[in-house]
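Right, one structure below, let's go through it.
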Amino acid sequence: MNTLEKLELLSENCSDRTELDRIIGQLLNIILTRHRQKLTIYDQDIKKFEQTYQLDSNQFIQQFEAGILGDEMDFFEWFSLCELRQDILVKIGKLEEIIL
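Just so you know, we're using this note's numbering here: the sequence shown kicks off at 12 and counts up by one.
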């Protein structure tokens, strides 16, 4: 049974829409909490790179995309972390709009 089928089954078997909304809200809160935890880890890792290279991430991204910095593995990892951070911020924003 796939996820959509499970959600349909839940909807069919939960006659009280308020209860169903509460259950879904709790699940979304769990996901939001996990995303915030990931964001904290990303922020910590990014801060280490910023301190190591004495460079703000926004400046780093501009220089990296312009090809100024070179091909160090650290730069690819830092860039990936910045992209992951941006992605998780979008997800957090969407969840907060619905939950809060």
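Even glycine gets a Cβ: it sits at the ideal position worked out from N, Cα and C.
Give the C-beta separation of L43 and L106 to the nearest angstrom, bearing in mind that I take them to be a contact with Cβ-Cβ under 8 Å.
Locating residue 43 in the sequence shown gives position 32, counting from the first residue. Locating residue 106 in the sequence shown gives position 95, counting from the first residue. Right, the Cβ-Cβ distance comes to about 5 Å (below 8 Å), so this counts as a contact.
Let me know if L15 comes out buried or exposed under the rule of 16 or more other beta-carbons within 10 Å of its beta-carbon.
On the sequence shown, position 4 is the one that residue 15 refers to. So L15 ends up on the exposed side.
Is it buried or exposed, L18, if we count other Cβ atoms within 10 angstroms and call 16 or more buried?
Translated into positions along the sequence shown, residue 18 becomes position 7. Looking at its Cβ environment, which holds fewer than 16 other Cβ atoms inside 10 Å, L18 is exposed.
For I79, the three-state DSSP class (helix, strand or coil)
Taking the first residue of the sequence shown as 1, we reach residue 79 at position 68. DSSP places I79 in coil when its eight states are reduced to three.
Going straight from the alpha carbon of F87 to that of I52, what length do you get?
In the sequence shown, counting from the first residue as 1, residue 87 sits at position 76. In the sequence shown, counting from the first residue as 1, residue 52 sits at position 41. Rounded to whole angstroms, F87 to I52 spans 17 Å at the Cα level.
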